[in-house]
Amino acid sequence: MAEAIDEPLHRRLGMTDAELAAVIDELGREPTHLELAMYSVMWSEHCSYKSSRAFLSRFPTEAPWVLVGPGEGAGVVDIGDGLAVAVRIESHNHPSAVEPYQGAATGVGGIIRDIFSMGARPIALMDPLRFGSLDDARTRYLFEGVVSGISGYGNSVGVPTVGGEVVFDDTYRGNPLVNVFCLGILPTERLVLARADGPGNLAVLLGSATGRDGIGGASVLASASFEEGDEAKRPSVQVGDPFEEKRLIEACLELLDAKLAVGVQDLGAAGLSCAASETAAKAGAGMDVDVARVAKREPGMNAVETLTSESQERMLAIIEPANLDAVLALARRWEIRATVVGRVTDTARFRVYDGLFDAVGVPGENPQPPIGDERTALNSDTPPIADVPVESLGDGPLYHRPVARPASQDALQAADPGPQLRDKFPAGADLSGELLALLTTPTIADKTWVSRQYDHQLFLNTVAGPGADAAVLRVKDTTKALAMSTDGKARFCHLEPRTGGRLAVLEAARNVACSGARPIALVNCLNFGNPEHPEVMWQFSEVVEGMSEACEALGIPVIGGNVSFYNASGADDIHPTPVAGVLGLIDELGDRPPAATLRAGDDIVVLGAIRPELGGSEWAAVVHGLDGGMPPEADLDRARTVHELVASLVRERSVTGVHDVSDGGLAVALAEMAMHGEVGIKVELNFDGCTPAEACFAEAASVVVCSVDPKDTAAVCGEAAAAGVPARVVGVAGGDRLIAKGAFDVALTDATRAWRDAIPSLMSGA
Amino acid sequence: MPVFNAHVEVTHLPGIADPAGATVERALPALGYTNVAQVHIGKTINLVVDAPDADSARAQVNEMCERLLANPVIEAYEIVIS
Amino acid sequence: MPVFNAHVEVTHLPGIADPAGATVERALPALGYTNVAQVHIGKTINLVVDAPDADSARAQVNEMCERLLANPVIEAYEIVIS
Amino acid sequence: MSARIGVVVFPGTNCELDVEYALNQLGGAAERLWHGDDTTKGVDAIVVPGGFAHGDYLRTGAIARFSPVMHAVGEHARAGGPVVGICNGFQVLCEAHLLPGALQKNAGLKFLCETVALRVETTSTALTNLAKPGDVLRIPINHFEGNYVCDERTLAELRAEERIVVRYTDNPNGSLDDIAGICNAGGNVVGLMPHPERASDPLLGSSDGIVLLTSLIAAATQRATILV
Ligand SMILES: Nc1ncnc2c1ncn2[C@@H]1O[C@H](COP(=O)(O)OP(=O)(O)O)[C@@H](O)[C@H]1O
Ligand SMILES: [Mg+2]
Chain A
45 MAEAIDEPLH RRLGMTDAEL AAVIDELGRE PTHLELAMYS VMWSEHCSYK
95 SSRAFLSRFP TEAPWVLVGP GEGAGVVDIG DGLAVAVRIE SHNHPSAVEP
145 YQGAATGVGG IIRDIFSMGA RPIALMDPLR FGSLDDARTR YLFEGVVSGI
195 SGYGNSVGVP TVGGEVVFDD TYRGNPLVNV FCLGILPTER LVLARADGPG
245 NLAVLLGSAT GRDGIGGASV LASASFEEGD EAKRPSVQVG DPFEEKRLIE
295 ACLELLDAKL AVGVQDLGAA GLSCAASETA AKAGAGMDVD VARVAKREPG
345 MNAVETLTSE SQERMLAIIE PANLDAVLAL ARRWEIRATV VGRVTDTARF
395 RVYDGLFDAV GVPGENPQPP IGDERTALNS DTPPIADVPV ESLGDGPLYH
445 RPVARPASQD ALQAADPGPQ LRDKFPAGAD LSGELLALLT TPTIADKTWV
495 SRQYDHQLFL NTVAGPGADA AVLRVKDTTK ALAMSTDGKA RFCHLEPRTG
545 GRLAVLEAAR NVACSGARPI ALVNCLNFGN PEHPEVMWQF SEVVEGMSEA
595 CEALGIPVIG GNVSFYNASG ADDIHPTPVA GVLGLIDELG DRPPAATLRA
645 GDDIVVLGAI RPELGGSEWA AVVHGLDGGM PPEADLDRAR TVHELVASLV
695 RERSVTGVHD VSDGGLAVAL AEMAMHGEVG IKVELNFDGC TPAEACFAEA
745 ASVVVCSVDP KDTAAVCGEA AAAGVPARVV GVAGGDRLIA KGAFDVALTD
795 ATRAWRDAIP SLMSGA
Chain B
667 MPVFNAHVEV THLPGIADPA GATVERALPA LGYTNVAQVH IGKTINLVVD
717 APDADSARAQ VNEMCERLLA NPVIEAYEIV IS
Chain C
667 MPVFNAHVEV THLPGIADPA GATVERALPA LGYTNVAQVH IGKTINLVVD
717 APDADSARAQ VNEMCERLLA NPVIEAYEIV IS
Chain D
212 MSARIGVVVF PGTNCELDVE YALNQLGGAA ERLWHGDDTT KGVDAIVVPG
262 GFAHGDYLRT GAIARFSPVM HAVGEHARAG GPVVGICNGF QVLCEAHLLP
312 GALQKNAGLK FLCETVALRV ETTSTALTNL AKPGDVLRIP INHFEGNYVC
362 DERTLAELRA EERIVVRYTD NPNGSLDDIA GICNAGGNVV GLMPHPERAS
412 DPLLGSSDGI VLLTSLIAAA TQRATILV
């Protein structure tokens, strides 16, 4: 810590000398402490995307139904019937590494605010999670804490968690990934953008009092390499209050319904300085803020702390002065603190005062100061303590960081696990133990231990929840339903980032197709290592390219995303981990779509081509520790045909069960369906060019398993043929054993026990 | 080995928000208590521990607090051994 | 009017199960604490109250406990005024 | 005209829309009752729905019971009017002493959202009058504090007076005597942890809650006819 003290202020705030020079150049003078603090946060990686912006423009973002694309609080799409859907995904990785419960809880709170700031009612959450190995006590502590935090906040605030992912891999040992996806629904005409239009309008701060929590959290935590127990960089932990947030949701939606607000903006990273300047910048207006008007939780808070605090559960509403009384009355009814902290100007500048508003009679009044503080003296003439061009805070530096393919990449890709495993498991080898081993690996094992801790049913929309390929929510008073899935396999991206990026999109879209939906939007959360490492920037650019190619091929617009850099375990950057969240629309839901299940007596039909692709598979990498090679091929045209075929088979209800092949391969997909349907299988898995082991455990893309009533089998295979998709009847559902001729023979009860007990037994001692 | 009673009181670190305390404080005036402030809600753990002497009992309970009973990142704790 | 600090400790009535305490007690041996027993988890409420004197402060806090801070059906409480 | 059923909303309540939707689908006429109003607006029956009134801070239901509306709810109950508390609503009714006992943290010390099997034990109540004793219903629970406790005497009383309305067939939370729901001496006030509204549509996986909600609507209708 000592040497940090001697550092100049801008460096202690995480700014480079060049960035300071740019500020001085912008202002034509040395910045004040407050100004420097605001720039340091607003120009941080987390707020400014300075390292990633150059690449993100690659994503396709257009479609006729897109109402709001990237750049706003959330992306919004039109789903007809006068309704729109808002979605967003965000990471809260570093806070969760420091304090798992509060880190995850405040992550949930933050993303929910993004959704209702658009005028949408948040109705669903999903939580893609990544942890180290569960053998490690610290990891169990983080896993337990993160899940309790999501449960504790999400359940209480009243937004159901309808799906997610949990992946365990050593690459996340010191740096768990906590991503949260949120979906909201709104009458299209209620859509609002956070703009501070109209000089003379007032900015009302709603919600919690401002404390010292998370000062510099965004810039310091998410924008600098962070090691476990790094006290110097650890900001005070933010504590979430779901009860405050629940009241904020209701109050803000009422405000917008009653047309009492021009716009509402959440306070997130960089707190009030970011929210107030952004709303003004978007409208090309200016904003004056008076710190004396901000209700403070602790005595002795200075202007810097007040403007950059990341205290949770706060919103900024832009209102016309005539509506102030009505707004305050509404806030009182919901027991929400509301103070006028700003006024919109036509100066195009962001100015901060202390005590001006009472003096010059801006409507409203200073809140009670916390015990221990004096009331702020009136002053109408003292100059602002910050005065900067409003848009300059928003347009931070743009970096074109060096990009370099890792020298180790060729060797990594050359280490194909195929030959070794072919020797070890020749045709005829008994794979029963291998299947059981896969079913017990925590990444594949049953996640009920997690999902039962989440309310996944509130609002009576959840037609398919945890356990389904995609969560399906009915849209009340319409024939429609929404399908959503989040996916992203880092090991594939580590081996070949462009293919890995494609595969992340394909898996999420495939899961959505299995519910009979057509994909209408994608949001992504890009979790990467240190962007100052050229290898990381190469991985980043390749993943973005791969995801973009897949989105173009499938016709899915990207309507939002989030980038989290500086994720590392000790000195090692994490594997590149993009998470793709795909939203699908079902026009005519009808009855419940088929689940990932089998029905006794049905034929089992495999759609798509199984290939001997073991690179990056759970079997090769986790069970046998062979984590090199190339990921499965990601043929985009093939994917599109398979998705369309599966979606239409599901819509016609020509199948009684459907499940895609992902982690663990075809054998695990079959086992999952059998366990769900509580029925055995009798199959033969012969695929050209594959040993039985490869047919069982390769994670080939664009393969889907169906349970089909024998009377429909011919028709289903006919449709597949017509679409040019290989279809093979591999066997039937029945009995109480999982039998694949010449491959495995396992009692259903043993498989179920292995799969169901894996995580609970690892956690029972936690 | 002698047994000791340990009484642990866990409170929020200064500056850490206490939503429960704040909510109770907001509720009290409606019940007619307008003269109450600074409500903070914490946790107590009472337990019995075998140890050679009071000091090692305290040392052990202190370790339990660090590892399980309290969350040092956001909580402070006080131990009384008797 | 003078202000008093009130410290309230709320515990389970004897005979009423204490799931949190039981869970902690179950967890401790796994952490190597085999010498701990009778773990009970309670709540503390600290607040500041204006009152003419300590007795009326206690009387008021006692009333708050009866009505709000504790649930007499399952909980006991102790008040310390300072 | 269909029975008017009031659904109480406290700050932090979150199941009011669901209960309203389910009741209306089944032919009831639900309307919301704001916690700050000291009236039940003359409704025939009242539901205190699930959620996290006042964040469940301090104790579940502890603060909610002081809301003005609870005074009116108490009068409605004492006058024999049907009152059903679901989940957090059950906790509120216990805190308000409209039902005996209390609900503590689940024995497993984890939040539980899952579908459980309930056995109907008593049918002379506002919530079970259309069900048959011994019926087994599959209905979701969704709580952290569903572990029912009371003293020996109260338990003996509940048993003797057949006031245990529904029991878990496989106790998920450590609840005393597998209690999932109880009623007052008159049978007009019922509290239960499971959420019937979440089992009110085949699309959602179970319709077993319908018999409970229609029982409530029946009780409300009967109440309406008595009063006119
Ligand atoms: N963290 C979580 N929260 C809620 N549900 C989860 C979580 N992790 C996994 N699930 C659920 O478990 C099921 C299996 O997850 P996963 O194996 O990732 O599905 P898929 O392989 O189809 O993407 C999914 O329905 C998913 O929603
Ligand atoms: Mg899937």
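Protein chains in written order, with the numbering used here: chain A, 45 to 810; chain B, 667 to 748; chain C, 667 to 748; chain D, 212 to 439.
Glycine included, C-beta positions come from ideal geometry on N, C-alpha and C.
Nothing here was measured: the structure is a model prediction, and the numbers come from that model.
Residue i beta carbon near ligand 1 (any heavy atom closer than 7 Å)
{"i": "S559 (chain A)", "result": "no"}
{"i": "E551 (chain A)", "result": "yes"}
{"i": "A512 (chain A)", "result": "yes"}
{"i": "Y145 (chain A)", "result": "no"}
{"i": "N555 (chain A)", "result": "yes"}
{"i": "V210 (chain A)", "result": "yes"}
{"i": "G544 (chain A)", "result": "no"}
{"i": "K491 (chain A)", "result": "yes"}
{"i": "S706 (chain A)", "result": "yes"}
{"i": "Y498 (chain A)", "result": "yes"}
Cross-strand partners of residue i (DSSP beta bridge)
{"i": "M719 (chain A)", "result": "Paired residue(s): none; M719 (chain A) is not in a bridge."}
{"i": "I218 (chain D)", "result": "Residue identity check: residue 218 (chain D) is Val in the sequence provided, not Ile. In DSSP, V218 (chain D) forms a bridge with D:R243, D:V258."}
{"i": "E744 (chain B)", "result": "B:E675"}
{"i": "M359 (chain A)", "result": "A:L250, A:D310"}
{"i": "D704 (chain A)", "result": "A:V748"}
{"i": "I630 (chain A)", "result": "A:A525"}
{"i": "E325 (chain D)", "result": "D:I352"}
Euclidean distance between Cα positions of residue i and residue j
{"i": "G58 (chain A)", "j": "P428 (chain A)", "result": "25 Å"}
{"i": "D719 (chain B)", "j": "G544 (chain A)", "result": "60 Å"}
{"i": "R518 (chain A)", "j": "S411 (chain D)", "result": "14 Å"}
{"i": "P108 (chain A)", "j": "V567 (chain A)", "result": "17 Å"}
{"i": "H619 (chain A)", "j": "E379 (chain A)", "result": "45 Å"}
{"i": "V264 (chain A)", "j": "Y93 (chain A)", "result": "Legend: pLDDT at V264 (chain A) = 49, less than 50; position of this residue unreliable, value from coordinates given subsequently. Straight-line Cα distance between these residues: approximately 14 Å."}
{"i": "S692 (chain A)", "j": "P637 (chain A)", "result": "12 Å"}
{"i": "A473 (chain A)", "j": "I682 (chain B)", "result": "59 Å"}
{"i": "E744 (chain C)", "j": "E675 (chain C)", "result": "5 Å"}
{"i": "A370 (chain A)", "j": "P344 (chain D)", "result": "53 Å"}
{"i": "P114 (chain A)", "j": "I133 (chain A)", "result": "11 Å"}
{"i": "C534 (chain A)", "j": "V447 (chain A)", "result": "One detail in the question is off: residue 534 (chain A) reads as Ala in this sequence, not Cys. C-alpha separation (whole angstroms): 19 Å."}
{"i": "P22 (chain A)", "j": "P172 (chain A)", "result": "No statement about residue 22 (chain A) is possible, as the shown extent of chain A runs from 45 to 810 and does not include it."}
Per-residue DSSP class, three states only, for residue i
{"i": "F401 (chain A)", "result": "helix"}
{"i": "T543 (chain A)", "result": "helix"}
{"i": "L221 (chain A)", "result": "strand"}
{"i": "L480 (chain A)", "result": "helix"}
{"i": "Q236 (chain D)", "result": "helix"}
{"i": "F212 (chain A)", "result": "strand"}
{"i": "V281 (chain A)", "result": "coil"}
- Query: Quick one: any contact between the stretch 223-234 of chain A and the stretch 345-360 of chain D, if contact means 3 or more CB pairs under 8 Å?
  - Reply: no
- Message: Would you call the stretch 131-140 of chain A in contact with the stretch 235-249 of chain A, where contact means no fewer than 3 C-beta pairs closer than 8 Å?
- Response: no
- Would you check if there are 3 or more beta carbon pairs closer than 8 Å linking the stretch 372-384 of chain A to the stretch 324-344 of chain A? yes
- Decide if the stretch 725-738 of chain B is in contact with the stretch 692-700 of chain B; the criterion is three or more beta carbon pairs, one per stretch, under 8 Å apart. no
- Item | Meets three-Cβ-pair contact criterion under 8 Å: the stretch 58-78 of chain A and the stretch 580-587 of chain A | no
- Query: So, do the stretch 356-375 of chain D and the stretch 419-427 of chain D have three or more beta carbon pairs nearer to each other than 8 Å?
  - Reply: no
- Inter-stretch contact at 8 Å, needing at least 3 Cβ pairs: the stretch 551-570 of chain A / the stretch 529-539 of chain A: yes
- Task: Mind the definition here: the stretch 250-270 of chain D touches the stretch 282-298 of chain D only if three or more C-beta pairs lie below 8 Å; say whether that holds.
- Result: yes
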